[in-house]
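The sequence shown begins at 163 in the numbering used here and counts up one residue at a time.
Written out below as structure tokens is the structure these notes cover.
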Amino acid sequence: MNSQLVQEYFRTDKLPHIWCPGCGHGIIMKAVTQAIHNLGLDKDKVCIVSGIGCSSRANGYMDFNTLHTTHGRALAFATGVKLAKPELEVIVVTGDGDCSAIGGNHLIHAARRNINITTIVFNNNIYGMTGGQYSPTTPTNELGTTAPYGNIDKPFDIPALAAAAGATYTGRATAYHAQQTIKLVENAIKNKGFSLVESISICPTYYGRKNKKGTAVDMMNWLKDNAIDIKAAKKLPEEKVKGKFLIGEFKNVTEAEYTEEYMKIVERFQKER
Ligand SMILES: Cc1ncc(C[n+]2csc(CCOP(=O)(O)OP(=O)(O)O)c2C)c(N)n1
Ligand code: SF4
Ligand SMILES: [Mg+2]
163 MNSQLVQEYF RTDKLPHIWC PGCGHGIIMK AVTQAIHNLG LDKDKVCIVS
213 GIGCSSRANG YMDFNTLHTT HGRALAFATG VKLAKPELEV IVVTGDGDCS
263 AIGGNHLIHA ARRNINITTI VFNNNIYGMT GGQYSPTTPT NELGTTAPYG
313 NIDKPFDIPA LAAAAGATYT GRATAYHAQQ TIKLVENAIK NKGFSLVESI
363 SICPTYYGRK NKKGTAVDMM NWLKDNAIDI KAAKKLPEEK VKGKFLIGEF
413 KNVTEAEYTE EYMKIVERFQ KER
């Protein structure tokens, strides 16, 4: 992104950002902004909503209509914005904790409604902001401040959870796969319905340090070496895919959208009155 685009899309008076050196969140924030730019969206017609967390800081830096709300409630606020102003492109930036722990119920119900909101999950497998507590995406046996002897829970697959609940667009990329994150976010915004893109981020400060994952560069290399595109995976023998995680577009279908269905009821009621 050249300096002209930085001036156009970021609140430069709020920079430099407060993320730790090596944090993956900045790459994902930039990818979301690049996708908005590539689609040629009118800045004033975009509303970016977040909850609370290091990831949820992103829209404080992004120069659009923005709402920094309460922990776990980004989708509840975003649903209100979308229903009040359906003409806005509503985008949620959220963390694994924000959207799948305290906000998990909002996530499945927004997906169930197929409301036209695009959600980008910055998944660093931990609660970064509050000091490294394990989250619903912390892998089994890994460490967190609240799991000093290893996490015994199984992690959520967030795109699969959203798809099962009714999201019509889902995909996954990583902070290493920045170009793919941009493309998936573009497609997610184009989908008229509930879309979710998970981008796997890195938190060298807590998740990395606690689990001896090495430097930020080591963590980025791990993402490069362990992600397999879903299309490539289909052609590979099972042993080559085992232990890796899938990236790419997982679901892309068309179904009735919530605000349109809601307006149909409003119009019918007004005619019958
Ligand atoms: C109602 C409420 N509960 C708990 C908190 C404390 N809290 C703030 S951020 C956070 C977790 C953030 O984790 P995640 O969404 O994964 O974001 P990250 O910091 O990892 O990017 C928690 C538990 C809060 N702010 N409000
Ligand atoms: S604590 Fe982790 S998630 Fe938060 S800014 Fe630092 S590296 Fe990023
Ligand atoms: Mg997190």
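Note that the Cβ used here is the ideal one computed from N, Cα and C, for glycine as well.
With a cutoff of 9 Å on beta-carbon distance, A238 and E348 are scored as not near each other. The beta-bridge partner set that DSSP reports for R334 consists of E360 and G410. Inclusion of G213 and T256 in the CB contact set at 9 Å is warranted, their separation being smaller than that value. With a 10 Å radius around the Cβ and a threshold of 16 neighbouring Cβ atoms, A394 comes out exposed. The continuous beta strand (DSSP E) containing C209 extends over residues V208 to S212.
In the three-state DSSP reduction, T299 falls in the coil class, being neither helix nor strand. Here G312 is exposed, its C-beta having fewer than 16 other C-beta atoms within 10 Å. Y338 places its beta carbon 9 Å or farther from that of N414. In the three-state reduction of the DSSP assignment, H230 falls in the strand class. For D315, the CB stays at least 8 Å from every heavy atom of ligand 3. The count of Cβ pairs closer than 8 Å, one atom from the region 357–368 and one from the region 174–185, reaches three, so the stretches are in contact. In the structure shown, F431 falls within a helical segment according to DSSP collapsed to helix, strand and coil. Of the heavy atoms belonging to ligand 3, at least one sits nearer than 8 Å to the Cβ of C216. Between ligand 2 and C182, a heavy atom-to-CB distance of less than 8 Å is present. Here L250 has K207, V208, C209, N227, V243 and K244 as same chain residues with Cβ atoms under 8 Å from its own Cβ, once five neighbours each way along the sequence are excluded. DSSP places I351 in the uninterrupted alpha helix (DSSP H) bounded by A340 to K352. The beta carbon of S357 lies closer than 6 Å to those of T280, Y331 and A350 in the same chain, with the five residues before and after it left out. Taking 9 Å as the cut-off, the beta carbon of G328 is found no closer than this to the beta carbon of L346. Residue nearest to T343 within the set K354, E360 and N353 is E360 (criterion: CA-CA distance).
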